[in-house]
Structures are given as structure tokens and as C-alpha cells.
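Residue numbers (our numbering): 3 to 287.
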């Protein structure tokens, strides 16, 4: 304190404010230097540019590349107006956030979240903690995408099998009553799988999106669009086959009534008493 306090008493808020100020200067200086490196790269031969970077500026090429990339990222039209806010995070954290979408970074600067973190969260984190949070978020997103791709593949394979089976039965062997029952069972199984996908994988994906983003509202229109697509397919299916919107609950489906009536007829015949043969008929025989 005696060495770096400039003779002033310790005040935490003042020291934090000053630290942020100089961190911002460091970030802004890094971006301005990155702009100059871009200009040099555009106007100098490759060998000459590398010589300037290493000999005159004392940078390794990898660092120069990161500075140019950061300048292109954060001084783009979509983010330049947000740099006063984002630069307070310091250059190390700006480096970590470079791979995030411009829209997400702009939302972060405006009070939103990125990978489930607010600007204050990112500010309080160490660079290592931020790197770990970003890595974890990307891993979860990758797992969600893999789950979605797996679900799509399973549905596609199931649809293909059902289509082949149905076409084969209808073309080569018209369905009898037993075949119709089997086909109904297959359709029922598809309906069960669709509900299972909606109630598990789809719901889980929406839940992960909400937990990683911190708020589902920014994604509400996207999710609503997916649900609209599902509803549209259901509506088209109803229209194509003139299906009622609400099923009439009948304990005995129409397709089974004939069998029941036939069974009842057989039962009535078997229950009918046999004709008694009188004595005269015996004598006639």
C-alpha cells in the first residue's frame, strides 16, 4: 500500500474502479494495436510483416494473430458501439469470448447473458473460470446436438421400416383383419415414440437451452416456430384423411364390432338346446 497507494488511504471501491479503468485501457490499447497490425499485414509482404512483428514490436506471430482477430471481432459494426462496456472485462477475457456470436456478445453488453452468465458474472470470474464455463457450455450444446441428431436418425429409420412394411403388405398381400390390427399397433407405436420424443428429448433440449442461456425468452420465438411446425404437420394429417379434431370415445371400435357380433352369434348357436327326440320318432327309425 505504501509503495503503490500514492499516499491515499485504502478505499476498496476506488481501487476497483481504478483497476477497471486501467484494464479497459489495456483492452482498448490491444484492439487499437490489432488494427495497426491489420494495416501492416495488408500493405507489407509476408516476410516483411513477420519481421516487423517479431523484431520491431517484440511479438510472437500467434499473439499478433490473436490481436488482429480480436480487432476484427470487437470493432465490427455490430459490436463497436458495445466496446466501452465490453472493454471493462480486460483483454484476456475478450480473447476467451472471441468465438462467441456477435449477437450474443451484444446481448451481454446490453444486460443479457452469454453461456448463462451475466456481465457481472463474467467480470467477477477469473480467466480460468470463464474458460471452463465456456467449455462446459459448448460441451452441453454439443451433447444436445448429438442427442437431437440421434433422435432424428432413430425417427427416420423407424419411418423407413414402417413405410417398407406397409407398402409391402398393401402391394403384395392385401391386409386381412389380423394385418389391420398389426398395422394399427404399429401406428400406435409411432404415436407413442412421438410423444416420448416430445416429453423427453425435446423438453430436455428446451430445458438445457434455458439453463445455459439463463432465460428462455430470447429463444421463445425459435421454440414456438418448432412447435408450430409440429402443429402444422398434425393439421395436414387431419385434413388429408378427414380426421375429426376430437376422437369420439367408443368402448368398442368399429373395426372390432363385426368380430364381436360373429362371436356372439357362435355363442348363441352353441347355447341353443338340442332338439328332443320323442318316442314316436325312435320307433319310426
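The beta-carbon is built from N, C-alpha and C at its ideal position, and this holds for glycine as well.
When DSSP assignments are scanned along the stretch 110-192, the uninterrupted stretches of alpha helix (DSSP H) that are 4 or more residues long and fall wholly within it turn out to be 121-126, 129-174. In the structure shown, the three-state DSSP call for residue 208 is helix. Taken atom to atom, the span from the alpha-carbon of residue 245 to that of residue 106 is near 44 Å. Assigned with DSSP and collapsed to three states, residue 89 falls in helix.
With 16 or more other CB atoms across the displayed protein chains lying within 10 angstroms of its CB, residue 96 is buried. Taking a 10 Å sphere around the C-beta of residue 156, we find fewer than 16 other C-beta atoms and assign the residue as exposed. With contacts defined by Cβ atoms closer than 8 Å, residue 113 and residue 220 do not form a contacting pair.
Non-local C-beta neighbours of residue 210 in its own chain, meaning closer than 7 Å and more than five positions away in sequence, comprise 142, 146, ordered along the chain. Nearest C-alpha to residue 125 among 133, 91, 134, 150: 91. Residue 194 counts as exposed, since fewer than 16 other C-beta atoms from the protein chains shown sit within 10 angstroms of its C-beta. A distance below 8 Å separates the beta carbons of residue 119 and residue 135. For residue 225, the enclosing alpha helix (DSSP H) stretches over residues 222-242. CA-to-CA, the gap between residue 81 and residue 72 works out to about 11 Å. Here the C-alpha atom of residue 243 lies approximately 16 Å from the C-alpha atom of residue 233. The alpha helix (DSSP H) runs of length 4 or more contained entirely in the stretch 46-79 are, from start to end of the chain, 48-53, 63-76.
Take residue 51, set aside five residues on each side of it, and the residues of its chain with a beta-carbon closer than 8 Å to its own are 42, 43, in chain order. Using a Cβ distance threshold of 8 Å, residue 102 and residue 133 do not count as a contacting pair. Excluding the 5 residues flanking it on each side, residue 203 has same chain C-beta neighbours closer than 8 Å at 149, 150, 153, in chain order.
Residue 238 has its alpha-carbon roughly 28 Å from the corresponding atom of residue 178. In the structure shown, residue 100 adopts coil according to DSSP, grouped into three states. In the displayed model, residue 9 falls within coil according to three-state DSSP, outside both helix and strand. Annotated three-state conformation of residue 218 is coil, per DSSP.
In the structure shown, residue 107 adopts helical secondary structure according to DSSP, grouped into three states.
The criterion of a C-beta distance shorter than 8 Å is not satisfied by residue 85 and residue 35. Counting the other Cβ atoms within 10 Å of the Cβ of residue 229 gives fewer than 16, which makes it exposed. Residue 40 holds the alpha-carbon nearest to the alpha-carbon of residue 77 among 64, 226, 40.
Residue 215 is classed as buried because its beta carbon has at least 16 other beta carbons within 10 Å across all chains shown.
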